[in-house]
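Its first residue numbered 19, the sequence shown is counted upward by one per residue in the working numbering.
Just so you know, even glycine gets a beta-carbon here, dropped at the ideal spot from N, CA and C.
Read the structure below first, then the notes.
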Amino acid sequence: MTLAIISAINILTKPLGEASVQDAQSSPQEALLAVLRANTALLREQLQSESSFEEVRRLREEEMVAADWFSSDTEDATWRFVQECLLLLLTLARHLSVELKRFKQTPAPSAAKQRTPEMAPPLPPDVLSVAQQKTLVAALQFVVSLGLFPYLAPGVGVSLGRRSAFGSMVEKLVRSVPVPAVGRRLLTTTNVLLQLAELSSLATLVYTRHLGDVMAALCQLGYQPNRAGRSGTEEEKIQELSAEERQTCKEALGGLLGKVYQPIVIKELLILQGGPKQSGAVGSSSGSSSRAALGSAPSWLRRLCGQLLSERLMQPNGVQAVVRAILEGEGGEPGGESDWRKCDGVARILVTCPQQSASADTYYRQVCHQILDLLHFRDKLTAQQFQRVATRAVLFTVQEKPSFAQQYLLTPLLTPLHRCTTASNEGLFQAAVEEWELTRCVNDVYKIWVVGNSPSASLLKALEQVLPVIFTLFCFTKQNVSHLRAPCQEILLWYLSHTETLAALSALRQLAGLQGDKNEVAADFHFSPGSDGGARLSSRESCSEEDDALYEKLSGEQWRLECLMQLLAELKDSDLPGDFFLDLLQELASWAAAADDEKKDEQELDVSAMTLLEVEQQLLGPAARQGQRLSLLQVLAVMVESVQHTVLLRKTSQVVDFMVSLLKRACVGLDPATGPNRGNPVESQTLSMGMGVVATLLSGPQLSAEDYSSMARLLPPLETLSQKHPEVVIQELASNLRAIIATHGAYWPENLTDVAQPSRNPETTAMNSSVPSGKKQTTQTETSDTQTSPHSSPLDSNSPSNTHIRHPASSGRSAAGISPKGGGRTSGTSNICPPTKPFSDWLLEACDPDVPTRAFALRVLTQMMRKENPEAVQAQEKVLMLFLENLEHEDSFIYLSAIQGLAALADSYPERILERLLKDFQHGPSLPTSNKEHSLETRLKVGEVLMRASRAMGELAPHLGRPLVGVFLQGTRDPDQSVRASSLSNLGELCQRLDYALGTVAQELSSCLTALIKTEKEAEVRRAAVHVITLLLRGLSEKTTQVLSDVLLDLYRALKWVVRSDPDDVAVLHAQLALEELDGVMRRFIFPEQKLEKKIVVLP
19 MTLAIISAIN ILTKPLGEAS VQDAQSSPQE ALLAVLRANT ALLREQLQSE SSFEEVRRLR
79 EEEMVAADWF SSDTEDATWR FVQECLLLLL TLARHLSVEL KRFKQTPAPS AAKQRTPEMA
139 PPLPPDVLSV AQQKTLVAAL QFVVSLGLFP YLAPGVGVSL GRRSAFGSMV EKLVRSVPVP
199 AVGRRLLTTT NVLLQLAELS SLATLVYTRH LGDVMAALCQ LGYQPNRAGR SGTEEEKIQE
259 LSAEERQTCK EALGGLLGKV YQPIVIKELL ILQGGPKQSG AVGSSSGSSS RAALGSAPSW
319 LRRLCGQLLS ERLMQPNGVQ AVVRAILEGE GGEPGGESDW RKCDGVARIL VTCPQQSASA
379 DTYYRQVCHQ ILDLLHFRDK LTAQQFQRVA TRAVLFTVQE KPSFAQQYLL TPLLTPLHRC
439 TTASNEGLFQ AAVEEWELTR CVNDVYKIWV VGNSPSASLL KALEQVLPVI FTLFCFTKQN
499 VSHLRAPCQE ILLWYLSHTE TLAALSALRQ LAGLQGDKNE VAADFHFSPG SDGGARLSSR
559 ESCSEEDDAL YEKLSGEQWR LECLMQLLAE LKDSDLPGDF FLDLLQELAS WAAAADDEKK
619 DEQELDVSAM TLLEVEQQLL GPAARQGQRL SLLQVLAVMV ESVQHTVLLR KTSQVVDFMV
679 SLLKRACVGL DPATGPNRGN PVESQTLSMG MGVVATLLSG PQLSAEDYSS MARLLPPLET
739 LSQKHPEVVI QELASNLRAI IATHGAYWPE NLTDVAQPSR NPETTAMNSS VPSGKKQTTQ
799 TETSDTQTSP HSSPLDSNSP SNTHIRHPAS SGRSAAGISP KGGGRTSGTS NICPPTKPFS
859 DWLLEACDPD VPTRAFALRV LTQMMRKENP EAVQAQEKVL MLFLENLEHE DSFIYLSAIQ
919 GLAALADSYP ERILERLLKD FQHGPSLPTS NKEHSLETRL KVGEVLMRAS RAMGELAPHL
979 GRPLVGVFLQ GTRDPDQSVR ASSLSNLGEL CQRLDYALGT VAQELSSCLT ALIKTEKEAE
1039 VRRAAVHVIT LLLRGLSEKT TQVLSDVLLD LYRALKWVVR SDPDDVAVLH AQLALEELDG
1099 VMRRFIFPEQ KLEKKIVVLP
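Here it is as structure tokens:
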């Protein structure tokens, strides 16, 4: 039966044959009209003649009787065709409904049989094939095109002419003939389509293609205003819709909008609303072609669509539906320019309160929480677009409606962080703030403040209130592995970077503990780890011991300072760290004057006239101020220690500010005879260093007028120092510097270098590096010519000949270092002047009891051996014995020079020297004068020589390193742990240079390292063994799989054993580094780099 009805519908919708088309070829409209007439006549003829259509004819006649709208005597061919389509569609719907009801009531025939998992369930009778659906879709298109569109008012819906060329032709056909009873025919078609949609299988076909058309018809039928005073015949007035019918259409529209997927409904309403209003609301999110496709809708329809859209928006999940309607199914790449514009357009729609809303407060109360819900989607693409919309909507609301934004957006969003400051102990067994709340809150703040990146006064003020809580949470995450660490850090950095300088300095002082405890985490509460890698606020267990509580408090404050310094270190391109540092220094400079005032107040204090409360306040006040000063000193100490000077003082103006603070502090105690700085060598040295910095600044080339203008602030303190400082050198230097600054460099005293010499020390070099590039001079200490004399005194580091300001041309020379035990002695490989004495004199001086003289002679002998001096080469045995004797010297300056000399000998004559050194390393010193009690120290020094020799072997390591490998392997079994560790260290340095020569000893090496890793008791030796594997893998690199193919698995298992079982954290870290090296090697082996190259082969 279903097939017969579909066949009848197919007769109506099939095209004419070629002969008929040629007969009706006068115009496309006449050809279409002829097709409609011919198909209608053919259907009626076959219904009467064909026996297969007998049941169809019966059902059609029943529907015809029930349909009061059917007119058999109409002369309109198109409406007659539409009537036939409607009758057959109703017949099909009635038949399918009956069959479906019978199917549900009757049990399936296969139910009684034994069912198998492979057996498919029986299909309901309303399931249609693809061909049948295609026929019904064609019939519905004819019904809508011929029975619905001709009766829509202009501007209602998208016209047929804008859809396709065929639609334009159909539109001309239906508009060419005046149509009577427009409302009745439109109502008839719409009611039939709604009846068809009651069946689910047919509703899919109707709404997927013609939802907008049905909505347009219902809008016109239910809401189009009647023209006042319109004249017409009695028949036309009878054909008008009654109030009941209009109300029924309104209810049908409401039911349709409620049960269809809301984003589709909103999209269709936007289309019905028309082009100009759509483009004005969404901006440029649609292309010009889409705007052209939307005509201008009537005013009543625009108002109606706006009201319906507002209702959709304000209902539950309405914001999400609007966003999906506009963003889903659009072309373009996510994240592109059009995507951003669409998101901004949607955000503008959400922020703008519609005219139909009862009040702005009601609208924002219903919409704002839905905007925040857009931030919490998990699907990546959807979440990305929704977060953009939500972020832009929040920012627009903050800019345009700050009061509503504060009440309905910012306050609910930051509630979990505010609760951290007001938590109470009511629920002892429940967290004050759960992990999911904190995680969601921090992520939302990151998305809106940091990702949105649109600073405003409202946003900065709201964030400032919860900044201490976020910082406390950040400090907690730095102690653990947490996914909240990065967003907390970015939020703090964003605030410090975008707020005003004064507000940022105030926030830093509060976070450092120098300015009250406002908005801090509630007392007796702390953050604890959550189960998902986040944090939760829970009650703190009270410490029973006062000492434990005090230690916990102090360690917590110290950790907060360290975390704050890490934040400041991240602000590399900002002046805020330097401004904060200078602000603290200015407060530090005011202490001396404040201390004098306090002393005067104490002397003038009359306790007898005070009450006990006033006396207590007077006594506690100084103690509180002293505590603040100690806190300030602690912050300054941690800041100087943790933050690089290039971050603290990155501009010349900041260096000048620092020097102003330093000089003012030095001037405070100069007036009284017993000033705080008088006789203080630390303050005097600090002042000398500061003046050296000023001199270095002034020595820079091309100082601008702005630089001199900023340095003008140094003139008053320099004048005070030049007149009142007790040291003459400081006075003269201050006077010279003041003259240079005042004359903008026109006056330059010749003795400035000599006068500034007390400030030349290693710390000055570090301070000079804070001066910007192009304006700093290198302060450098060199060995003077007098040091070439064996009787000169290198210890006199304060002599003017040793220290002077170098010009930029000399900045490339190596600066002399300061050894730990000698004030002015040079260590390292500084350039030694060419020797002018005979070789024998240098040998004698190498035995001189004076330590500097002996060390200098050893350096000269080392240089001679490197340059292959003929006399030194002939006496190499004497030089070797001399170096070995000095190797046992207790002074580091001597034995380090001997180590360098032995390394130079081993590099020049490796075979003979290495053999001697290996014996001494293995069995101890062999000299007759050797001290057996210090044998261990000497062996370790020889090990250092062997390590330097191994590094210098280069490509000769496979040839010269075989004896060393054997000795080092034997050294791993030495009773002393230091020798074992030294042997392993040398083994690692040597093995990474052996390459393929390592293959013959790979098994021995693997067995030794594996045994040490698993059986050695000393953690230091286990660390060295694991480090050998790291150096081995790093040295072999791509050759690892070839050289260590037989032992690679054993080494891997040993490393995994360390990671799982070794109690020493450092050994575990070394093992993880080795595994990373091995991982990189295997990745490059399995996935080699693809090289795009061509090979040219020359054939013989």
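- Leu-667 is a Cβ neighbour of Gly-596, given a cutoff of 8 Å.
- When secondary structure is reduced to three states using DSSP, Phe-911 falls in the helix class.
- With at least 16 other beta carbons inside 10 angstroms of its own, Ile-289 counts as buried.
- With 16 or more other Cβ atoms from the protein chains shown falling within 10 Å of its own Cβ, Gly-363 counts as buried.
- In this structure, DSSP gives Leu-555 an extended state, which the three-state scheme calls strand.
- Per DSSP, His-544 is one residue of the beta strand (DSSP E) stretching across 543-547.
- The secondary-structure analysis by DSSP pairs Val-451 across a beta bridge with Leu-555.
- Note on the region 1032-1074: there is no whole beta strand (DSSP E) run with a minimum of 3 residues.
- The beta-carbon distance between Pro-143 and Phe-160, rounded to whole angstroms, is 25 Å. This is too long to meet the 8 Å contact definition.
- Met-233 carries a helical assignment under DSSP once its states are collapsed to helix, strand and coil.
- Gln-291 is the residue among Gln-291, Ser-328, Val-340, Ile-344 whose C-alpha sits nearest the C-alpha of Trp-318.
- In terms of Cβ geometry, Val-224 and Leu-239 do not form a close pair [threshold 8 Å].
- In this structure, Leu-1073 keeps its C-beta atom at 8 Å or more from the C-beta atom of Glu-1022.
- Thr-92 carries a coil assignment under DSSP once its states are collapsed to helix, strand and coil.
- Under the Cβ criterion (8 Å, minimum of three pairs), the region 968-986 counts as touching the region 1005-1023.
- The DSSP-derived three-state label of Cys-371 is coil.
- Distances from the CA of Ser-706 to each of Met-677, Ser-727, Arg-731, Ser-728 were compared; the closest alpha carbon is that of Met-677.
- Assignment of Pro-888 by DSSP, reduced to helix, strand and coil, places it in the helix class.
- Where Lys-959 is concerned, the enclosing alpha helix (DSSP H) starts and stops at 953-971.
- In the structure shown, the three-state DSSP call for Ser-260 is coil.
- Taking the Cα of Thr-440 as reference, the smallest distance to any Cα among Val-469, Lys-536, Gly-645 is reached at Lys-536.
- Counting the other Cβ atoms within 10 Å of the Cβ of Glu-262 gives fewer than 16, which makes it exposed.
- Taking Arg-410 as the centre and dropping the five residues before and after it, the same chain places the C-beta of Cys-361, Asp-362, Ala-365 closer than 7 Å to its C-beta, in chain order.
- Rounded to the nearest angstrom, the gap between the Cα atoms of Gly-548 and Lys-465 is 22 Å.
- In the DSSP assignment, Thr-761 falls outside any alpha helix (DSSP H) and carries neither an H nor an E.
- In terms of Cβ geometry, Ala-921 and Val-878 do not form a close pair [threshold 8 Å].
- If you ignore the 5 residues before and after Gln-47, its C-beta comes within less than 8 Å of the C-beta of Met-187, Lys-190, Leu-191, Ser-194, all in its own chain and listed in chain order.
- CA-CA distance, Thr-956 to Ser-915, rounds to 14 Å.
- Assignment of Gln-213 by DSSP, reduced to helix, strand and coil, places it in the helix class.
- In the structure shown, Lys-590 falls within a coil segment according to DSSP collapsed to helix, strand and coil.
- Around Ile-912, the same chain offers Val-869, Arg-872, Ala-873, Leu-876, Asn-904 as residues with beta carbons nearer than 8 Å, after the five sequence neighbours per side are excluded.
- DSSP places His-743 in the coil class of the three-state scheme, outside both helix and strand.
- Apart from the 5 residues on each side of it in sequence, Leu-589 sits with its Cβ closer than 8 Å to the Cβ of Leu-511, Leu-514, Ser-515, Pro-595, Val-665 in its chain, given in chain order.
- With a cutoff of 8 Å on beta-carbon distance, Ala-970 and Asp-909 are scored as not near each other.
- Judged by DSSP in its simplified three-state form, Gly-984 adopts helix.
- When DSSP states are grouped into helix, strand and coil, Gly-1006 belongs to the helix group.
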